[in-house]
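Peer 1:
In the working numbering, the protein residues as written are 12 to 108.
(1) Give a yes or no on whether the C-beta atoms belonging to residue 28 and residue 22 are separated by under 8 Å.
(2) Out of 98, 64, 45, point me to the one whose CA is closest to residue 70's CA.
(3) How would you label residue 25, buried or exposed, when you count the other beta carbons within 10 angstroms and need 16 or more for buried?
(4) State the CB to CB distance for the pair residue 82 and residue 49, rounded to an integer number of angstroms; the pair is presumed to be in contact (CB under 8 Å).
(5) Among the candidates 84, 64, 20, 18, whose CA atom is the shortest distance from the CA of residue 38?
(6) Please tell me whether residue 32 and residue 60 are closer than 8 Å, where the distance is taken between their beta carbons.
(7) In or out: residue 42 buried (at least 16 other Cβ within 10 Å) or exposed?
(8) Please classify residue 42: does DSSP put it in a helix, a strand, or coil?
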């Protein structure tokens with residue numbers, strides 16, 4: 012059973028990203044949207060934490076563009092229709108509110 016984990020809060024304000032990374036399974040995926048895309052700032056602790064994992068990372072392209080965040084090659088940019096497809100593809104969706 013796979014879960015799509017959706018993070019929308021900045022990784023610099025609390026420990027949601029760390030908590031998510033502790034619980035995420037090998038069949039799961041992570042979608043960064045909203046201020047969570049700041050986790051992709053190069054040379055930051057969240058960037059290295061994500062880079063070192065073997066999980067599939069997706070990024071809502073519109074949110075990355077709005078914040079001038081480059082999407083690294085180990086993450087995949089998605090639009091809203093692809094977000095819906097990801098939600099359908101996984102058995103569960105867990106939003107880290």
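All residues carry an ideal CB built from backbone N, CA and C; glycine is no exception.
Peer 2: Once the coordinates are examined:
(1) Yes, they are a contact pair.
(2) 45
(3) exposed
(4) Between residue 49 and residue 82 the Cβ distance is about 12 Å, and since that is not below 8 Å, they are no contact.
(5) Ranked by Cα distance from residue 38, the first of 84, 64, 20, 18 is 64.
(6) yes
(7) buried
(8) strand
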